[in-house]
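Q:
Number of protein chains: 2
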Amino acid sequence: MGVKGEPERYRWTTLGQRRLLACPPWLEVWVERVRLPDGRVIDDFYRVQQPDYAMVVPTAADGCVLALWHYKLGAGRVHLSLPAGYLAPGDGPLEAAQRELLEETGYEAEHWRHLGSFCVDGNRGCGQAHFYLASGLRAVQEPDSGDHEEMELEFMLPEMLRQHLAAGRVGTLAAAAAIGLGLDALGG
Amino acid sequence: MGVKGEPERYRWTTLGQRRLLACPPWLEVWVERVRLPDGRVIDDFYRVQQPDYAMVVPTAADGCVLALWHYKLGAGRVHLSLPAGYLAPGDGPLEAAQRELLEETGYEAEHWRHLGSFCVDGNRGCGQAHFYLASGLRAVQEPDSGDHEEMELEFMLPEMLRQHLAAGRVGTLAAAAAIGLGLDALGG
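Line order of the protein sequences matches chains D and F. The letter at position 141 of the first sequence is residue 141 when you use this note's numbering, and the numbering goes up by one with no holes. Throughout, this note's numbering is defined as the position within the second sequence, counted from one, plus 188.
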C-alpha cells in the first residue's frame, strides 16, 4: 500500500445487511449497518449491486481512436463514447471487452492492455468498470451490437477526442475515464 | 452536435415511470417503460437517482497534485482519491467543489477550471459527477471534512499519481476519471 498510515485503522465493519430491492439481473439495493473506525455506527448505509462492465479504447495504427456516438437514457442525449458492455455470467473482463469490441465495431485487436478496474461508486458500489487499450485493429465482420442503442462509429485523432470532451459531448463518467486514461496511455 | 447522423433519430421516449424505492436523500430507484427509435418497447428499464457530486484535482505551483488516501466502502479498501463530496441542496457544482477542497484539505484555490460533468451511469443515471482543476493553492485552515472517512493527504507528482493508478491503488471510477482528465489537462 502507498498509504502513509495503517490501512486497517481505516477499515469499516459491516454489522448487518438487508436487501431492499431486487431487479435481476440489473440491480439490487441493500442497506447495511456499519461501524466506522472511530466506533460510530451508521444504521442505513445504502449499497447498490449492478453487473460489471468493460470499456475499450480501440486504437488504429495511424493513432486514431475508434469511438462511437449513441443515445444513452442515463445521459438523456446522444453522446460520444467507446465500445462497452456488461460482463455476461462467467465472463472475465477481458473476454467481455473483446466481445463488445467485435460486436459493436466488427473489429478484433491484436494487443490488449489493461488500463484499470474501478468500482463505479465509492459509497454504493454499483459494480466494477474495467478499461482496456486495444491496438492492432483488424476488421473481421459487420458490426452487430445486439444492444438497444443504434450507434455510429467514427475514427478520430486523440486531439479530436479531447476537443469533443472539452465541448461537453462526452456524456458518461465511464467514457470520460476511458478517454482520460486512454489519452494518457497514448501519451497525448 | 458532432454526431454524423440525426441525433433525434436516436432518442428514446419514456412512456411511463414508477418509483420502486425511496431512501432520501441518498437514493431513489425507478422503473421506466421506454420506446426505442425502432419502435420496440422495453417495460422495465431501471433508473437510479443519486445526488450529484464534485471532485477536485488540486495542483500546487511545483506541479504536485494534492491527493488523499481513505477507505471507501464501495471499493472495500483504502485507496487513492481526490477531494470530493456531494452537492448540498442549492449548491452549484463549483461551490461544492470549493467547499469540499476547503473542508477536506484546508486549502483554497485561486484558479478553477471545469474539466467536465458526466452522468455516473449511462443506463441508470446515478447523478452527475463534476470535475475541476484547481490551482493557486493557499492553506487557510486545518482540514475538517465532516465525512465519515478519515483521510491522509499527500502531495504527489503527476508521475507518482500515474504509478499508483497503474499499480491498482485508485479504487473508484470518479478518482480514475479525475486523474485521467487532470493528467491530460496538466499535459502529463
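Note that beta-carbon positions come from the ideal geometry of N, C-alpha and C, so glycine has one too.
Hey, would you say L82 (chain D) sits closer than 9 angstroms to A178 (chain D), going by beta carbons?
A: yes
Q: Which class does G106 (chain D) belong to by DSSP, given the choice of helix, strand or coil?
A: coil
Q: Give the residues from the segment 33 to 61 of chain D that approach chain B closer than 8 angstroms (Cβ to any Cβ), ordered along the chain.
A: Included in the structure are the protein chains D and F, with no chain B among them.
Q: For Y132 (chain D), go through chain F and note every residue whose CB falls closer than 9 angstroms to its CB, in chain order.
A: Result: empty, since nearest Cβ-Cβ is about 13 angstroms, beyond 9 angstroms.
Q: Does T14 (chain D) have its Cβ less than 9 angstroms from a Cβ in chain F?
A: yes
Q: For H318 (chain F) and G168 (chain D), what's the separation of their Cα atoms in angstroms?
A: 12 angstroms
Q: Which whole-angstrom value is the C-beta distance of V236 (chain F) and R312 (chain F), which I expect to be below 8 angstroms?
A: 4 angstroms
Q: Spell out whether any CB of chain F is found under 9 angstroms from the CB atom of W26 (chain D).
A: Among the residues facing chain F, W26 (chain D) is included, as its CB has a counterpart in that chain under 9 angstroms away.
Q: By the three-class DSSP mapping on this structure, what secondary structure does L186 (chain D) have?
A: coil
Q: Hey, would you say K72 (chain D) sits closer than 9 angstroms to C307 (chain F), going by beta carbons?
A: The answer is yes: Cβ separation under 9 angstroms.
Q: Can you tell me where the alpha helix (DSSP H) with R350 (chain F) in it begins and where it stops?
A: P346 to A354
Q: Please give the ranges of any beta strand (DSSP E) in the segment 201 to 253 of chain F, keeping only runs that are unbroken, at least 3 residues long and fully inside the region.
A: The DSSP assignment places complete beta strand (DSSP E) segments of no fewer than 3 residues inside the segment 201 to 253 of chain F at 201 to 211, 215 to 223, 229 to 237 and 241 to 247, in order along the chain.
Q: Going straight from the alpha carbon of G310 (chain F) to that of L186 (chain D), what length do you get?
A: 25 angstroms
Q: Between R9 (chain D) and the rest of its own chain, which residues show a CB-CB distance below 7 angstroms, the 5 nearest in sequence each way excluded?
A: P37
Q: Have a look at A327 (chain F) and L268 (chain F) and give me their C-alpha separation to the nearest angstrom.
A: 21 angstroms
Q: Given that G74 (chain D) touches chain F, what residues does it touch there, using C-beta distances under 9 angstroms?
A: R235, V236, C307, V308, D309, G310, N311, R312, G313 and C314
Q: Identify which residue in D:E159, D:P158 and D:E142 has its Cα closest to the Cα of E152 (chain D).
A: D:E142
Q: Can you tell me which of F:D335, F:D372, F:W200 and F:L369 puts its alpha carbon nearest to the alpha carbon of A75 (chain D)?
A: F:W200
Q: Out of curiosity, what's the CA-to-CA distance linking M189 (chain F) and L165 (chain D)?
A: Low confidence applies here, because M189 (chain F) scores a pLDDT of 42, under 50, leaving its location unreliable; read the following figure in that light. Answer to the nearest angstrom: the Cα atoms are 12 angstroms apart.
Q: Please list the partners that T105 (chain D) has in chain F, where partner means a Cβ-to-Cβ separation under 8 angstroms.
A: Here the premise fails: no neighbours, minimum Cβ distance about 15 angstroms.
Q: Under the assumption that L27 (chain D) contacts Y234 (chain F) (Cβ atoms under 8 angstroms), give the Cβ distance between them as a whole number of angstroms.
A: 5 angstroms
Q: Got a sec: which bits of the segment 358 to 369 of chain F sit with their beta carbon under 9 angstroms from any beta carbon on chain D, in order along the chain?
A: V358, G359, T360, L361, A362, A363, A364, A365, A366, I367, G368 and L369
Q: So, are the CB atoms of L303 (chain F) and A248 (chain F) less than 9 angstroms apart?
A: no
Q: For the ligand GDP, I want to know if V120 (chain D) counts as a neighbour, meaning its beta carbon is within less than 8 angstroms of at least one of the ligand's heavy atoms.
A: The ligand GDP is not part of this structure, which contains no ligands at all.
Q: Verify the CB distance criterion: does D91 (chain D) have a CB-CB separation below 9 angstroms to chain F?
A: Output row for D91 (chain D): interface = no.
Q: Return helix, strand or coil for E142 (chain D), following the three-state DSSP convention.
A: coil
Q: For A272 (chain F), which three-state DSSP category applies?
A: strand
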